[in-house]
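Q:
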Amino acid sequence: MLKYILNSQGDGYDVYGVTDKNAEKIVIPDMYEGLPVKSVSVSFESCSKLKEIIIGNNVEKTHVGVFDCESLEKIYFGKSISTISGPFTLCKNLTDIYFAFEEERLEDFNFVAVDESFAYFQNAKHHFGVLGRSGLLTLEDETLFPYTHWDCVKGKPEKIDSTKVAYDNSVSGMKSDNIKDAIDELNARDFDVSSIETWSELKYLVRSGRAADFINIGDRFVCSKNNQELIWDVIGIDKDIPSDENFTHSLTLQLSECYVNMPFSVPEASCYLLYSLKPGQYYAELKNYASPSIYCSFRVNEEIDADTFIRISEGKVYFYKKDSIAQPYLTEDVEISSENENDMSGTKISEKNYKINSEMGTVNYEVSCVRQWLNSADTNWWKASYIKAMPPVDYLSVPGFMNGIDEDFLDAVNPVKKTTSLPDGTIVETNDKFFLLSSEEVYGGGENYYLYYSENSSLPVPGIAADQIRIKNFSGVARHWWLRNPAEGDNGYMRVLTDGGVGPVRAAKVLAYGVIPVCCIC
1 MLKYILNSQG DGYDVYGVTD KNAEKIVIPD MYEGLPVKSV SVSFESCSKL
51 KEIIIGNNVE KTHVGVFDCE SLEKIYFGKS ISTISGPFTL CKNLTDIYFA
101 FEEERLEDFN FVAVDESFAY FQNAKHHFGV LGRSGLLTLE DETLFPYTHW
151 DCVKGKPEKI DSTKVAYDNS VSGMKSDNIK DAIDELNARD FDVSSIETWS
201 ELKYLVRSGR AADFINIGDR FVCSKNNQEL IWDVIGIDKD IPSDENFTHS
251 LTLQLSECYV NMPFSVPEAS CYLLYSLKPG QYYAELKNYA SPSIYCSFRV
301 NEEIDADTFI RISEGKVYFY KKDSIAQPYL TEDVEISSEN ENDMSGTKIS
351 EKNYKINSEM GTVNYEVSCV RQWLNSADTN WWKASYIKAM PPVDYLSVPG
401 FMNGIDEDFL DAVNPVKKTT SLPDGTIVET NDKFFLLSSE EVYGGGENYY
451 LYYSENSSLP VPGIAADQIR IKNFSGVARH WWLRNPAEGD NGYMRVLTDG
501 GVGPVRAAKV LAYGVIPVCC IC
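Numbering (this note's numbering), first residue to last: 1 to 522.
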């Protein structure tokens, strides 16, 4: 379950990795292969089910980010703990913290070495182990150990001597061992972004709010996906808003080329039958965004079961069974098509849908196929997100984009808020790890314009003309690529063209264009 590495002194081990990301309880032992376990540097952020951590009696310190785990509820510190760096920043559910003190006076325990503890401990309910006795802090304990109750339960003290607050320099490589000197050293040093070796280090640089001091728009980072390199361009710094309110800073990355060709959406059902249809004459209404509805009449010669999808397109009526939706089991002709409902005969199917949605799919990014694919690591990534949704049959064999990407990269990427306007004026908000850009973000016209695409930017990429920057390749050839918003007041998809221009596309068929994932380190 845990991975160990011998420390530089050769007198103990550090816990640096965890193999079971689904563990609900993790116990860090006192000893490993005959030597004490002295420190913990692994982050449990990716352990989404973890509720309890027990830390052995020989562990002296824990490093930055160790306990960044939202599901964590209880933690037990052994008697040797002296330094806890930047703990519990993501621990929304933490309720119990236990300390196994040996000293009879809290002053003898180096509690001030708990870096930033006063910011994160004050919202937790605290339990303590005093003199080897575990249990709830009692009134007697409060009298005997007043500082314990004051510092941990009440929260922030009036003043902290920052020279006495320990700083864990094992990750940063700095010489300082207290907060004040570390800040002074960081301000004085000429930081080289190439010295960042892990995505976790980059994440903490971003969270510190200093990414802009060391990273430039147009810089590139590389991760791997199924043993292939993915090259990411930095297109924004502190431009996107993290979904988690605990974070305020972000670093926006866009894949340098199209990763795959696939449709934004696929044709959806014109209606979904909640009831059966007897043989007879029927008609349906198909709405248009900017013109009158179209009414289509048709005859069915056999009973149509409930839970059937009906799709009307190009003069045909297609019937799909819910449990075998890949191909229609019945096809009928549209007998009459008219803008006048009085031309229709038979029974009206009450539910109505947009005509264009039955031909090419929805322009609503929130329920699109491409959004599902971007944010899935599964091989069976598609799930019906609304009642008329139909599967992208030809693309179900393409694993979700997150499949096979470095876990440490995925751990550093967090959801951000995105808003998208629809043709009817509705604005939808999504909160995703991976997303598509909008036309405003690529071409300007608002505050969301990314600096990477600004005409005034000087970028370290071939050609600095705005159009050249927007041209993206797929397999070495320029390719149209999808944007997440439809054309303003229009029902067409928006895409960037192969010459770097922009324009909508409307077609009564499925079109596959380039998909360029975007994400944020935050």
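Backbone N, C-alpha and C fix where the C-beta goes; we use that ideal spot for every residue, glycine too.
Note that the structure is predicted; figures quoted are calculated from it, not measured.
1) Which residue wins for smallest C-alpha separation from Val442, given the options Ile471, Asp68 and Leu2?
2) May I ask you to verify whether the region 245–253 touches the region 306–315, counting CB pairs closer than 8 Å and requiring at least 3?
3) Is the separation between the beta-carbon of Glu335 and that of Phe309 shorter than 8 Å?
4) Phe474 and Asn261 look like a contact to me (Cβ under 8 Å); what is the Cβ gap, rounded to whole Å?
5) For Tyr453, name the three-state secondary structure that DSSP assigns.
6) Consult DSSP for Arg479 and reduce its assignment to one of helix, strand or coil.
7) What does the alpha-carbon distance come out to for the pair Leu581 and Val222?
8) Between Lys225 and chain B, is the shortest Cβ-Cβ distance under 8 Å, so that the two count as touching?
9) Who are Ile304's beta bridge partners in DSSP?
10) Measure the C-alpha to C-alpha separation of Ile469 and Gly501 and round it to an integer number of angstroms.
11) Suppose contacts are defined by Cβ-Cβ distances below 8 Å. Is Gly56 in contact with Ile28 by that definition?
12) How big is the Cα-Cα spacing for Asp244 and Ile349?
13) At which residue ranges does the region 384–420 contain complete beta strand (DSSP E) runs of 3 or more residues, listed in the order of the chain?
14) The beta strand (DSSP E) that contains Phe221, what's its start and end?
15) What does Ser324 pair with, by DSSP beta-bridge criteria?
16) So Trp482 and Val370 are in contact, right, with Cβ under 8 Å, and what is the actual spacing, rounded?
17) If we count Cβ pairs, one from each stretch, closer than 8 Å, do we get three or more for the region 279–293 versus the region 320–330?
18) Can you have a look at Ala306 and say buried or exposed, based on whether 16 or more other CB atoms are within 10 angstroms of its CB?
19) Excluding five sequence neighbours on each side, which residues of the same chain lie with their C-beta closer than 6 Å to the C-beta of Met31?
20) Do the CB positions of Tyr272 and Ile387 come within less than 8 Å of each other?
21) Going by beta carbon distance, what residues of the same chain come within less than 8 Å of Ile5, once the five residues before and after it are set aside?
22) If I measure Cβ to Cβ from Glu302 and keep anything under 8 Å in the same chain, skipping five residues before and after, which residues do I get?
23) Is Glu70 helix, strand or coil when you go by DSSP?
24) Assign Gly34 to buried or exposed, taking buried as 16 or more other Cβ atoms, counted over all protein chains shown, within 10 Å of its Cβ.
25) What residues match up with Trp199 in a beta bridge as DSSP calls it?
26) Could you have a look at Arg105 and say whether DSSP puts it in helix, strand or coil?
27) Secondary structure at Asn342, three-state DSSP: helix, strand or coil?
28) What is the DSSP secondary structure of Phe214, reduced to helix, strand or coil?
29) Using 8 Å as the threshold, is the region 409–422 in touch with the region 235–244, meaning 3 or more CB pairs across them?
30) Express the C-alpha separation of Ser439 and Tyr449 in angstroms, rounding to a whole number.
31) Might you give, ordered along the chain, the residues of its own chain that have their beta carbon closer than 8 Å to the beta carbon of Glu73, omitting 5 neighbours on each side?
32) With a threshold of 6 Å on Cβ separation, who are the neighbours of Phe409 within its own chain once the five nearest residues in sequence on each side are excluded?
33) Any idea what DSSP makes of Pro374, helix, strand or coil?
34) In angstroms, rounded to a whole number, what distance separates the CA positions of Gly425 and Phe435?
35) On the DSSP letters alone, give me the boundaries of the beta strand (DSSP E) that Ser39 sits inside.
36) Between which two residues does the beta strand (DSSP E) harbouring Glu429 extend?
A: A quick look at the data gives this:
1) The residue among Ile471, Asp68 and Leu2 with its C-alpha nearest the C-alpha of Val442 is Ile471.
2) no
3) No, the Cβ-Cβ distance between Glu335 and Phe309 is not below 8 Å.
4) So it is a contact: roughly 6 Å between Cβ atoms.
5) Three-state result, Tyr453: helix.
6) coil
7) Summary: the structure shown does not reach residue 581, with the chain confined to residues 1 through 522, and so no result is reported for it.
8) Here chain B cannot be found, since the structure has a single protein chain.
9) Leu277
10) Roughly 11 Å separates the two Cα atoms.
11) Contact annotation: Gly56 and Ile28 have beta-carbon atoms nearer than 8 Å.
12) 44 Å
13) none
14) Arg220 to Lys225
15) Lys321
16) 6 Å
17) no
18) exposed
19) In its chain, beyond the 5 residues on either side, no residue has a beta carbon closer than 6 Å to the beta carbon of Met31.
20) yes
21) Sequence-distant Cβ neighbours of Ile5 in its own chain, meaning closer than 8 Å and more than five residues away, are Tyr13, Asp14 and Tyr16.
22) Pro279 and Leu330
23) DSSP places Glu70 in coil when its eight states are reduced to three.
24) exposed
25) DSSP lists no partner for Trp199.
26) Caution applies to Arg105, whose pLDDT of 38 falls short of 50 and renders its modelled position unreliable; the model cannot decide the point.
27) helix
28) helix
29) yes
30) Ser439 has its alpha-carbon roughly 9 Å from the corresponding atom of Tyr449.
31) Counting only residues of its own chain and dropping the five nearest sequence neighbours on each side, Glu73 has a CB closer than 8 Å to the CB of Lys51, Glu52, Asn93, Leu94, Thr95 and Asp96.
32) If you ignore the 5 residues before and after Phe409, its C-beta comes within less than 6 Å of the C-beta of Trp199 and Cys223, all in its own chain and listed in chain order.
33) Sequence inspection shows Leu at residue 374; the Pro mentioned does not correspond to that position. It is helical.
34) 21 Å
35) Leu35 to Val40
36) Ile427 to Asp432
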